[in-house]
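Asks: UniProt numbering numbers the first residue of the sequence shown as 1 and each following residue consecutively.
All C-beta atoms, glycine included, are put in the ideal place defined by N, C-alpha and C.
Quantities reported herein were computed from a predicted structural model and do not represent experimental measurements.
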Amino acid sequence: MATNEEDDRLPSFHEIVKRFSLFSAAATCNPQVGPGGSLRCRCQGCTDWYAFVEGCSPLSKEVQYEVLTEEHVHGLANYLLLQAAEYRLPVMKVLEVGAGSGRLNFHLNRLLNRLSRDSKDFVVHVTASDNGERGLNGPNVNVEDAVKAISQENPHLVMVSWMPMGVDWTASMRATDSVLEYILIGEMDDGICGDPWLTWGSRFPGDESSSDTSSHDNGCLNSKLTYELHESRSCSNYGPGKAAVMIETENPSGDKESGDESSSQSIDGISTQPLRPYEADGWVRIELEHLSKFQICRTDERWSTYRHSHTVSFRRLPMN
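Now the structure itself:
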């Protein structure tokens, strides 16, 4: 890992947006439907963007799922220190699983070392692990299975950036007594990170509806789920943090869609809707909007204003 300060400097969110004309180039792009049904534009601007995230550009030598920005990583480092204070942990142990090359871990630790010297009251140590299957694990990344690392390291907080599609590590996080919180970075709900139901609770078992027919308004990826935002006592110190509780609703006409297994049902006025896995385990979901707004990822397109990557916190609720 390079140590030159200039080489290690992360680009700002606005630098990346400006360089590649992200989220604003619809007039110059001509996206076409590909063989797999995906949209792809072959203009020079989009070709340069695809090369950048694939690590085939003079500006990037590594495949990027999350394009690290200065604002997002600085905000995440500050958030971790705030959480150490919130949990009254003089030394908070953070574990990043699926860390790949360890680039996020490298930048976080460098910032946290600097911030901890200034605060002196709380210290955050971030360790990284990856199973090494992709050959990306860097020199500061422990080669270890995610579930095994969680159970053996006994961290206070777990992070994962772009959990593999169809895989869920969050059950192990919630089952580990030491873990007070975990943070998921990447596409949420019906996106390509984790399992829609087990990880995010965005679909009910047996609901095979695809995200192609889902509404993307306000980040809600299921047309039958709406977000009800509640101020959370545990986020009062963090400004924009709000607990997002997904409430199933009927469609605007008031009729249930035929054949929908996940439609809300009740017996004697009591809902029989199943609890989402994280709810059943006594956890609450909170999107960290002040961090999400500075994120850029490989599935973002120049010709679309839709933003795909988010930072979402799941916190253990206190026992009554």
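Just checking CYS297 against the ligand FAD - is the residue's beta carbon closer than 7 Å to any of the ligand's heavy atoms?
Replies: With respect to small molecules bound, the structure shown includes none, and the ligand FAD cannot be examined in it.
Asks: Can you tell me whether LEU127 is helix, strand or coil according to DSSP?
Replies: The sequence given here places Thr at residue 127; Leu does not occur at that position. THR127 falls in the strand class under three-state DSSP.
Asks: Counting Cβ pairs, one atom from each stretch, are 3 or more of them under 8 Å apart for the segment 186 to 206 and the segment 117 to 129?
Replies: no
Asks: Got a sec, what are the start and stop residues for the alpha helix (DSSP H) TRP283 sits in?
Replies: Where TRP283 is concerned, there is no enclosing alpha helix (DSSP H), although the beta strand (DSSP E) it sits in stretches over 283 to 287.
Asks: For MET188, which of ARG302, ASP130, ASP168, GLU86 has the nearest alpha-carbon?
Replies: The shortest C-alpha separation from MET188 is found at ASP168.
Asks: To the nearest angstrom, report how far apart SER264 and ALA77 are at their CA atoms.
Replies: Confidence in SER264 is poor, its pLDDT being 46 and thus under 50, which makes the residue's placement unreliable; the coordinate value appears in the next sentence. Approximately 40 Å, taken between the alpha carbons.
Asks: On the premise that SER309 lies in contact with GLY194, defined as a C-beta separation below 8 Å, what is that separation, rounded to the nearest angstrom?
Replies: Not quite, the Cβ-Cβ distance comes to about 13 Å (not below 8 Å), so this is no contact.
Asks: Looking only at its own chain, which residues have a Cβ that is under 8 Å from the Cβ of VAL143, when we skip the five neighbours before and after it?
Replies: SER129, ASP130, ASN131, GLY132, ASN137
Asks: In whole angstroms, what is the alpha-carbon distance linking MET163 and ARG110?
Replies: 23 Å
Asks: Can the beta-carbon of residue 322 be found less than 8 Å from the beta-carbon of LEU291?
Replies: For residue 322 there is no data in the structure shown, the boundaries of the chain being 1 and 320.
Asks: Does DSSP classify GLN295 as helix, strand or coil?
Replies: coil
Asks: Kindly indicate the opening and closing residues of the alpha helix (DSSP H) around LYS18.
Replies: 13 to 20
Asks: Would you call GLN32 buried or exposed, if buried means 16 or more other Cβ atoms sit within 10 Å of its Cβ?
Replies: exposed
Asks: Under 8 Å by Cβ, that's how I've got LEU104 and SER161 pegged, so tell me the actual separation to the nearest angstrom.
Replies: 6 Å
Asks: DSSP state of GLU142, grouped into three classes?
Replies: Inspection of the sequence shows that residue 142 is occupied by Asn rather than by Glu. DSSP places ASN142 in strand when its eight states are reduced to three.
Asks: Is it a yes or a no for the segment 143 to 153 touching the segment 67 to 76, going by three-plus beta-carbon pairs under 8 Å?
Replies: With the rule of 3 Cβ pairs closer than 8 Å, the segment 143 to 153 does not count as touching the segment 67 to 76.
Asks: Can you tell me where the beta strand (DSSP E) with VAL53 in it begins and where it stops?
Replies: Segment 44 to 53 is the alpha helix (DSSP H) holding VAL53; no beta strand (DSSP E) there.
Asks: In whole angstroms, what is the alpha-carbon distance linking LEU89 and LEU184?
Replies: 21 Å
Asks: Over the uninterrupted alpha helix (DSSP H) stretch that includes HIS74, give me the two end residues.
Replies: 70 to 86
Asks: Could you pull the start and end residues of the beta strand (DSSP E) that GLU181 belongs to?
Replies: 181 to 186
Asks: So, is MET159 buried or exposed, given that buried needs 16 or more other C-beta atoms within 10 angstroms?
Replies: So MET159 ends up on the buried side.
Asks: If you draw a straight line from the C-alpha of HIS125 to the C-alpha of LYS93, how long is it?
Replies: 5 Å
Asks: Tell me the DSSP secondary structure of GLU96 in three-state form.
Replies: strand
Asks: Residues in its own chain within less than 8 Å of ARG134 by CB, not counting five upstream and five downstream?
Replies: GLY100
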